[in-house]
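Here's the structure, in structure tokens; my notes come after.
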Amino acid sequence: MNDFAGSHILSVNQLDREAISTIFATANTMIPYAQRKKRTQVLDGAILGNMFFEASTRTRVSFGSAFNLLGGFVRETTGISSSALSKGESLYDTARVLSSYADVIAMRHPESGSVAEFATGSLVPVINGGDGTNEHPTQALLDLYTIEKELAGNVQSIDNMHIAMVGDLKFGRTVHSLSKLLAQYKNITFSLISPKELAMPDEVISIIENAGHRVIISDVLEGNLNADILYLTRIQEERFPNPEEANKYRGQFRLNQHIYTQYCKSNTVIMHPLPRDSRKEANELDVDLNVNPNLAIFRQVENGVLIRMALFALTLGVADQVTQHESEVNWFSRK
Ligand code: CP
1140 MNDFAGSHIL
1150 SVNQLDREAI
1160 STIFATANTM
1170 IPYAQRKKRT
1180 QVLDGAILGN
1190 MFFEASTRTR
1200 VSFGSAFNLL
1210 GGFVRETTGI
1220 SSSALSKGES
1230 LYDTARVLSS
1240 YADVIAMRHP
1250 ESGSVAEFAT
1260 GSLVPVINGG
1270 DGTNEHPTQA
1280 LLDLYTIEKE
1290 LAGNVQSIDN
1300 MHIAMVGDLK
1310 FGRTVHSLSK
1320 LLAQYKNITF
1330 SLISPKELAM
1340 PDEVISIIEN
1350 AGHRVIISDV
1360 LEGNLNADIL
1370 YLTRIQEERF
1380 PNPEEANKYR
1390 GQFRLNQHIY
1400 TQYCKSNTVI
1410 MHPLPRDSRK
1420 EANELDVDLN
1430 VNPNLAIFRQ
1440 VENGVLIRMA
1450 LFALTLGVAD
1460 QVTQHESEVN
1470 WFSRK
């Protein structure tokens, strides 16, 4: 994919290494605006339709913030029950209608393939904010961007790294999308640690193996944490046919500072797409890690704004005009 302007972003399968580089280079140019050192009005007058038909904190608000930071306006719909989808309107018709009110749409929906179906009816670019267990391409991009930056700080690269993915690898769409992006790099070791019933789908493992990477599968946490990147995930209770069943797996894999010190490398980077489940019965990523400098979870969150700004600038064809619409920030801004 070389020509972003006017294109949908539905799957990481669209993105080759060149496209990823373009997105990351554009994200780097967004740092002064995201940090409120400068402002830009490059999207003054443009409207984002932020359509979230499934719960979200980070993705929904960061899409909105990213668009506002580029000077655009945001219209939101949240929840199927408050839209005409609950009256039987098709995704195609919904897209045809909503896209006539907006210049670009970000969408999340609980069913796999729904965002692609929606895009067939859209008059404007659609960006997938997560569709069921299928994909979460913008999360995968921000994760990859974070991995590249964190490893650079450790004088390492994505090629030849060891990543351990832990938790619900069956229903967790972030690990599906991230694995497919990582498969484009060289000589990576993937440790896939999950309960047997929540293993990474065979389709994703085949993509990794066919690209020549090493895969280690385990249902034991200890002994498999000596990785460069440790990517934990939540048990996705909302995807279980019977949500009570999720209780069987909650709390099976917990990371805290004691376990980190015992089993990880001194510079293992800790990542999680968030939300982390901090309820007592889960506590998958203990708050005692909050002071660990290798905890990258809040840096992931900040990188998410940069990636989403980049995608808006690219899909709306203004990435080369951002500085022309620049001005000073005249309010107090954080360090
Ligand atoms: N990582 C992520 O998708 O978080 P939200 O569900 O809060 O958007």
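Numbered by my numbering, the letters in the sequence shown go through residues 1140 to 1474 in order. Each residue gets a CB set at the ideal place from its N, CA and C atoms; glycine is no exception.
Fill in: CB-CB length for Ala1241 against Arg1214, believed under 8 Å
Numbered from its first residue, the sequence shown carries residue 1241 at position 102. Numbered from its first residue, the sequence shown carries residue 1214 at position 75. Taking a contact as a CB-CB distance under 8 Å, the pair Ala1241 and Arg1214 counts as one, their CB atoms being some 6 Å apart.
Worksheet item: Using a threshold of 8 Å, is the CB atom of Ala1385 nearer than that to any non-hydrogen atom of the ligand CP?
Response: For this step, residue 1385 is matched to residue 246 along the sequence shown. Short note on Ala1385: C-beta not closer than 8 Å to any heavy atom of the ligand CP.
Worksheet item: Is any heavy atom in the ligand CP found nearer than 8 Å to the beta carbon of Arg1415?
Response: As a working note, residue 1415 is residue 276 in the sequence shown. At a cut-off of 8 Å, the beta-carbon of Arg1415 does not count as near the ligand CP: no heavy atom of the ligand is closer than that.
Discussion item. Whole angstroms are fine: how far does the CA of Ile1186 sit from the CA of Lys1387?
Written reply: In the sequence shown, the residue the question calls residue 1387 occupies position 248. In the sequence shown, the residue the question calls residue 1186 occupies position 47. Looking at the two C-alpha atoms, the distance is approximately 44 Å.
Worksheet entry | Own chain partners of Gly1211 with C-beta closer than 8 Å, once the 5 adjacent residues on each side are dropped | Numbered from its first residue, the sequence shown carries residue 1211 at position 72. Shown here for Gly1211: same chain residues with a beta carbon closer than 8 Å to its own, the five before and five after excluded, namely Leu1182, Asp1183, Gly1184, Ala1185, Ile1186, Leu1187, Asp1242 and Phe1451 in chain order.
Fill in: Gly1390: first and last residue of the uninterrupted beta strand (DSSP E) it sits in
On the sequence shown, position 251 is the one that residue 1390 refers to. Neither: Gly1390 is in no beta strand (DSSP E) and is coded neither H nor E.
Worksheet entry | Near the ligand CP: Thr1259 beta-carbon under 8 Å from a heavy atom | By one-based count along the sequence shown, residue 1259 stands at place 120. Every heavy atom of the ligand CP is 8 Å or more from the Cβ of Thr1259, so no.
Discussion item. Count Cβ pairs between the stretch 1374 to 1386 and the stretch 1351 to 1366 that sit closer than 8 Å; are there 3 or more?
Written reply: In short, these stretches do not touch, since the Cβ pair count stays below three.
Worksheet item: Are the stretch 1190 to 1207 and the stretch 1245 to 1263 in contact at 8 Å, needing three or more beta carbon pairs?
Response: Cβ pair count under 8 Å is three or more, so yes.
Worksheet item: Under the criterion of a Cβ to heavy atom distance below 8 Å, does Ala1194 qualify as lining the ligand CP?
Response: Position 55 of the sequence shown, counting from 1, holds the residue named residue 1194. Yes, the beta carbon of Ala1194 sits closer than 8 Å to at least one heavy atom of the ligand CP.
Discussion item. Which residues does DSSP list as the beta-bridge partners of Asp1270?
Written reply: Stepping through the sequence shown from its first residue, residue 1270 is reached at position 131. According to DSSP, which records beta bridges pairwise, Asp1270 is partnered with His1248 and Glu1274.
Discussion item. Please give the ranges of any beta strand (DSSP E) in the stretch 1255 to 1327, keeping only runs that are unbroken, at least 3 residues long and fully inside the region.
Written reply: Entirely contained in the stretch 1255 to 1327, the beta strand (DSSP E) runs reaching 3 residues are, in chain order, 1265 to 1270 and 1301 to 1305.
Discussion item. Check for me: the beta strand (DSSP E) holding Glu1228 runs from which residue to which?
Written reply: If you number the sequence shown from 1, residue 1228 lands on position 89. Under the DSSP assignment, Glu1228 falls outside any beta strand (DSSP E); it carries neither an H nor an E label.
Worksheet item: Under the DSSP definition of a beta bridge, which residues are partnered with Gly1216?
Response: In the sequence shown, the residue the question calls residue 1216 occupies position 77. It should be noted that the sequence gives Thr, not Gly, for residue 1216. Beta-bridge pairing links Thr1216 to Met1190.
Worksheet item: In terms of residues, what are the limits of the alpha helix (DSSP H) holding Glu1342?
Response: Counted from its first residue, the sequence shown places residue 1342 at position 203. Segment Asp1341 to Asn1349, the alpha helix (DSSP H) holding Glu1342.
Worksheet item: How close, in whole Å, do the beta carbons of Thr1313 and Ile1355 come, if the pair is a contact with beta carbons under 8 Å?
Response: Locating residue 1313 in the sequence shown gives position 174, counting from the first residue. Locating residue 1355 in the sequence shown gives position 216, counting from the first residue. Contact doesn't hold; Cβ gap of about 20 Å is too wide.
Practice prompt. Please confirm whether any heavy atom of the ligand CP lies closer than 8 Å to the CB of His1275.
Written response: Along the sequence shown, one-based indexing puts residue 1275 at 136. For the ligand CP, at least one heavy atom lies less than 8 Å from the Cβ of His1275.
Practice prompt. For Leu1209, I'd like the list of residues in its chain whose CB is within less than 7 Å of its CB, leaving aside the five on either flank, ordered along the chain.
Written response: The sequence position of residue 1209 within the sequence shown is 70, counting from 1. Once the five neighbours on either side are set aside, the close Cβ partners of Leu1209 are Thr1179, Val1181, Leu1182, Met1448, Phe1451 and Ala1452.
Item to complete: Classify Leu1208 as helix, strand or coil using the three-state DSSP reduction.
Response: Here residue 1208 refers to the residue found at position 69 when the sequence shown is read from its first residue. Residue state, collapsed to three classes: helix.
Practice prompt. Taking Phe1238 and Val1254 to be in contact with their CB atoms under 8 Å, please state how far apart those CB atoms are, rounded to whole angstroms.
Written response: As a position in the sequence shown, residue 1238 is number 99, starting the count at 1. As a position in the sequence shown, residue 1254 is number 115, starting the count at 1. The question names Phe, but residue 1238 is Ser in the sequence shown. The Cβ separation is near 13 Å, so there is no contact.
Discussion item. Rounded to the nearest angstrom, what separates Phe1471 and Gly1268 at their Cα positions?
Written reply: Sequence index remark: in the sequence shown, residue 1471 carries index 332 (1-based). Sequence index remark: in the sequence shown, residue 1268 carries index 129 (1-based). One C-alpha to the other measures close to 31 Å.
Fill in: Nearest-angstrom Cα separation, counted from Asp1358 out to Asn1207
Counting from 1 along the sequence shown, the entry for residue 1207 is found at position 68. Counting from 1 along the sequence shown, the entry for residue 1358 is found at position 219. So the two alpha carbons sit approximately 43 Å from each other.
Worksheet item: Bridge partners of Ile1436, per DSSP?
Response: As a first step, residue 1436 must be located in the sequence shown, where it is residue number 297. Listed as beta-bridge partners of Ile1436 by DSSP are no residues whatsoever.
Item to complete: Could you tell me whether any non-hydrogen atom of the ligand ATP is closer than 8 Å to the CB of Arg1197?
Response: Questions concerning the ligand ATP fall outside what the structure shown contains, since the ligands it does hold are the ligand CP.
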